[in-house]
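This report concerns only the one structure given below.
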Amino acid sequence: MLDIDKVRKKFPILKQVVNKQPLIYFDSGATSQKPQCVIDSINYFYSNSNSNVHRGIHTLGDRATVSYEEARNKVAKFINAQAKEIVWTKGATESLNLLANGLSNFLHPGDVILISALEHHANIVPWQQVCANTGAILKIIPLDETTEKIKLETTYQLIDLYKPKILSISHASNTLGNIQPITDIIQYSKKYQTITIIDGAQAFMHLRPDMLKLNCDFYVFSAHKSLGPTGLGGLYGKYELLNSLPVYQTGGEMIKSVSFDTSTFTDAPGKFEAGTPNISGVISFGCAIDFMNKIDFLDQKTHEKSLFIYLKSQLEKISGIILYGDLELNIGTISFNYKNEHPFDIATLLDQCGIAVRVGNHCTQPLMRCLNIEGTVRISLAFYNTKNEIQQFIIHLKQCLSLLD
Amino acid sequence: MLDIDKVRKKFPILKQVVNKQPLIYFDSGATSQKPQCVIDSINYFYSNSNSNVHRGIHTLGDRATVSYEEARNKVAKFINAQAKEIVWTKGATESLNLLANGLSNFLHPGDVILISALEHHANIVPWQQVCANTGAILKIIPLDETTEKIKLETTYQLIDLYKPKILSISHASNTLGNIQPITDIIQYSKKYQTITIIDGAQAFMHLRPDMLKLNCDFYVFSAHKSLGPTGLGGLYGKYELLNSLPVYQTGGEMIKSVSFDTSTFTDAPGKFEAGTPNISGVISFGCAIDFMNKIDFLDQKTHEKSLFIYLKSQLEKISGIILYGDLELNIGTISFNYKNEHPFDIATLLDQCGIAVRVGNHCTQPLMRCLNIEGTVRISLAFYNTKNEIQQFIIHLKQCLSLLD
Amino acid sequence: MNDSYINVKNQITQAGSWQEKYREIMTLGKELPVLPQELKVDSAIVDGCESNVWLYINFNNEERKLLIAADSDTRIVKGLLSIILYLYSDLTPNQILLIDANKEFEEMALLKHLSPSRGNGIKAILNEINRKAYLMNK
Amino acid sequence: MNDSYINVKNQITQAGSWQEKYREIMTLGKELPVLPQELKVDSAIVDGCESNVWLYINFNNEERKLLIAADSDTRIVKGLLSIILYLYSDLTPNQILLIDANKEFEEMALLKHLSPSRGNGIKAILNEINRKAYLMNK
Ligand SMILES: Cc1ncc(COP(=O)(O)O)c(C=O)c1O
Ligand SMILES: Cc1ncc(COP(=O)(O)O)c(C=O)c1O
């Protein structure tokens, strides 16, 4: 079982007092909190090894490079991939943009790019840009109105119908928490040699994806949503396909040779890492991975699941509350509304109680339109949350709602 | 006068011992060291305010957003610009790529992009890519073989000859340290409405550029070379022109509205900041700016100049040493070779003495070709270096060179 | 500052708890004249708000007074708008420019609602009122 | 391990200072047979080196031994290559696979030169030798 007290002690921010109340942080879907070891590693790096990476003949440069590449190994191992299949980016958004840019070359007018109705703007807008540039067509796997998730049958039918060149879909929805049936979908897409991309921004920490098992072509994630620092993300790609993509940004580090006439580039992952990378970010994300490895995954899942079930059951008891999405297969994220009240009012009052939730469309405007709403209040849990926090939250929530009635 | 002891105490890494010798860090051109306040602010952020920025109704979100936007104000003030003219990127390399991508739209086949022979790969390769895509032509302001700097007359002649659409040139050379006559060149380029871009990666910390005085259209820099963290850079652009550039990466944060059919974007700077930004990076860079503001600029310049003159005079006394570049107008960076020895050997031996220098082509292969060499040993100073360090360096260097003789 | 505003301010500062304070604010919101649906158009929307806020500011030439109409789809913002209307209503541009809204909000312990990051548009509205008053005053 | 390598190792471990040690290494570098200019081609260059390092490894079928030829344009890397040649010369693939080069370099206090980030290619060369020996051995 997860020793939750011990876990919480490792996150210094969880001791914060906000508006005279202990902080209850239910906004991990926006960004996770960071354990002390991650913070310490940044501190340590800048006080002991700070230096630019690669080509460093001096000792600091060597220290920095070794730690930097070690972190790549750690992440690779964590998701069951090879180090050279991991590209560092500045976030899931950049990873998706890199892919959209690189895969444009493979597209012809009329080719279909298939996404789901639950996608974050980061997995919609880059593809719209690609379609505008290449004549490809964006198609959507719809939300089933009753279950508020995508249906596997419908998805298969659409795959058969469109034989998409690219399928890009989130592992878990940031707004609803739905865990999507990606293993089956990836498997089915192989029928048409579809290039499969998984947006794992929300799933990385909660689901610890296994690249060999998933068998997708690409998987993207953000460090800051998985205990790591801001300003860093990653892109996993099956090596051959990854290496076949054209370069994205160009500059130092990724060069074999440059003359004023022409340039040649190194192989992946280097060719996608132009310029000085987020060195302290990468190294401290390595420590975040170490931290996760020390937490038993089954313990984490069990704890997260029990928090989710408890929260759901408590919310369901409050009349006037409407819950959205898949309430079975879920990473621990619940979106709700209360009568006709505006989420903004609810969140503002909750903030008075030291409770951090997110409101709005959560960068999923098209999903809001499918649900026929403007926005929601979103609670997103992580393994460092407690049952007691949920109890407190429910008490405060009821108070706040009564203010609105 | 700069109280150098006091200054050095603020940089924890300068107390490091490397190979049993006190670290002498002469590689600030690759990345600067960081003062304690910058390190502390990262620590503070993750322990007290960590949260995603913008649209945050809760207290942490508010704290994070306020500090984030405050840092933009600080940088804007530092370079005499408006906050909305500052775009956060992941580094100077990304800033240049963003510009190259955005300005492509304005180019026609045969249009000329003019750069100098001293440019870093980051200010060459993106333009080569643009030329390949648009039919524009890359032209080079040559190095004068005697002075090893670019000549103003030649530059004017080339501007008159080519009437370039874009001129992109470094404020200071990372390999030779040359401070380039950009004020005159920018002024002259106005004759043809040339869009002027300054690569200030090396100059930002040493020269504290003033956007109103320079009057360039764009100016790019990297936080990590100016006391700030890795994984962050900036782009200044005159607002109207900046805002007229098409979006670069797309995703969350930079959106006005998204439907599955189409999307509209916010104005600059937001429209260029897709996805979760490097929040802790931006906030801590704000602290780096505070730190610089507390150091009198004249004191800094005087100290850096005296270090440079001393280093130069000492190196010139060693027979067999060849110095490169402009040894008058210089940010404090000296490249040298010794007889036919390989820079790698010199740097490896210096590392034994705790001295960090950089060797190689410094991401300026074309410049190396102009100078007809493979690479150099590069010493790049900062205001936290001392005359005593230079003395120690010279003693050790002589020992190392004698090992090679 | 007019009496009705001073009344409102007293009500808010004297609230015994944050719950009471927000109840006051939301009650004030209910007093706010509802903006006709035809006026709730995109061009009147204040940028950077998490909720929708519509704002109209006009200058009455005869009386030399600013006329402000505003609405929001959230109760709290509506309440804050109502406070702003009390604060500025029937004032000349010159009088408006003399008001330190920051201080007023601080004294009501509502300063945090002026943070531009709260996404409620209040700060933007205050700026806009001042800008208009400044232009009228010239 | 052959005697000549043990000799070399002793010389290096017994060096009284780092200066002496590097002098030894560079002297060893001078012993390294110079690679003919025609063999210094791009295809033989070891990737990821700050300096140029050329490497040829061939298998002598009759003697069942690996033949290694290497060169560099830097003195220190040349010296390290020379040590590697002493370490592996005249060994069968099987004998090669039994050698723990890391331990050897550690005992000579040269371990840091095996860091891939040093950009000298030494680690890559050791890997390549082992890979070839492994393939021969199968
Ligand atoms: C002159 C110059 N331009 C651009 C760059 C690229 O900066 P970054 O690697 O931080 O993106 C550098 C860094 O070495 C530089 O020295
Ligand atoms: C599902 C999903 N995809 C992509 C992103 C974008 O991640 P980032 O903002 O870290 O680039 C997010 C972040 O909110 C997300 O939740």
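Protein chains in written order, with numbering that gives the first Met the number 0: chain L, 0 to 404; chain U, 0 to 404; chain E, 0 to 137; chain X, 0 to 137. From the three backbone atoms N, C-alpha and C, an ideal C-beta is built for every residue, glycine too.
Taking its Cβ as the centre, do 16 or more other Cβ atoms sit within 10 Å of residue i, making it buried, or is it exposed?
i	result
L/I394	exposed
L/E327	exposed
U/K164	buried
E/P35	exposed
U/N371	exposed
X/R130	exposed
U/E388	buried
L/G227	buried
U/Y24	buried
So who's on the other strand from residue i, going by DSSP bridges?
i	result
U/Y24	U/A355
X/L53	Per the sequence presented here, residue 53 of chain X reads as Trp, with Leu not at that position. DSSP output for X/W53 lists X/I44, X/D70 as bridge partner(s).
L/N177	L/N329
L/V376	L/F335, L/V358
U/L322	U/F335
Residue i lies in the alpha helix (DSSP H); which residues open and close that run?
i	result
E/G28	17 to 30
L/K5	3 to 8
U/A29	Premise fails: U/A29 is in no alpha helix (DSSP H) and is neither H nor E.
X/D70	Premise fails: X/D70 lies in the beta strand (DSSP E), 64 to 71, not in any alpha helix (DSSP H).
L/K76	58 to 77
X/R130	121 to 136
X/V7	2 to 12
E/F104	100 to 106
U/E296	In the sequence as displayed, the identity of residue 296 of chain U is Phe instead of Glu. 296 to 315 is the span of the alpha helix (DSSP H), which, as asked, contains U/F296.
U/F44	Run containing U/F44: none; DSSP gives neither H nor E here.
L/S401	386 to 403
What are the boundary residues of the beta strand (DSSP E) that includes residue i?
i	result
U/T332	332 to 337
U/D198	194 to 198
L/R368	Not the beta strand (DSSP E): L/R368 falls in the alpha helix (DSSP H), residues 364 to 370.
L/V257	254 to 257
L/S115	111 to 115
L/G134	Segment: none, L/G134 is in no beta strand (DSSP E) and carries neither H nor E.
L/G233	232 to 236
U/T261	Run containing U/T261: none; DSSP gives neither H nor E here.
L/Y161	Here L/Y161 belongs to no beta strand (DSSP E); instead the alpha helix (DSSP H) covers 151 to 161.
L/F203	Premise fails: L/F203 lies in the alpha helix (DSSP H), 202 to 206, not in any beta strand (DSSP E).
Tell me which same chain residues have a C-beta within less than 6 Å of the C-beta of residue i, skipping the five on either side of it?
i	result
E/K66	The sequence as given places Leu at residue 66 of chain E; Lys does not occur at that position. Cβ within range, chain order: N57, N59.
X/P32	none
X/A100	L125
E/P92	A132, M135, N136
U/L59	S48, S50
U/L166	L113, S188, T193, T195
Nearest chain E C-beta to residue i closer than 8 Å, yes or no?
i	result
L/D344	yes
L/H361	no
L/T229	no
Any beta carbon of chain U sitting closer than 8 Å to that of residue i?
i	result
X/T73	yes
E/S42	no
Got a sec: is the Cβ-Cβ distance from residue i to anything in chain L below 8 Å?
i	result
E/S50	yes
U/I254	yes
U/Q398	no
E/W53	no
E/Q18	yes
Give me, in chain order, the residues of the same chain whose beta-carbon lies closer than 7 Å to that of residue i; leave out the 5 immediate sequence neighbours on both sides.
i	result
U/S27	S379, L380, A381
L/T92	A121
In chain order, what residues of the same chain have a beta carbon less than 8 Å from the beta carbon of residue i, not counting five sequence neighbours either side?
i	result
L/I136	G109, D110, V111, I112, C130
Hey, does residue i have any beta-carbon neighbour from chain X nearer than 8 Å?
i	result
U/L314	no
L/G405	It is not possible to answer for residue 405 of chain L, since the shown part of chain L is limited to 0 through 404.
Test item, CB below 5 Å from any non-hydrogen atom of ligand 3: As for ligand 3, it is missing from this structure, which binds only ligand 1 and ligand 2.
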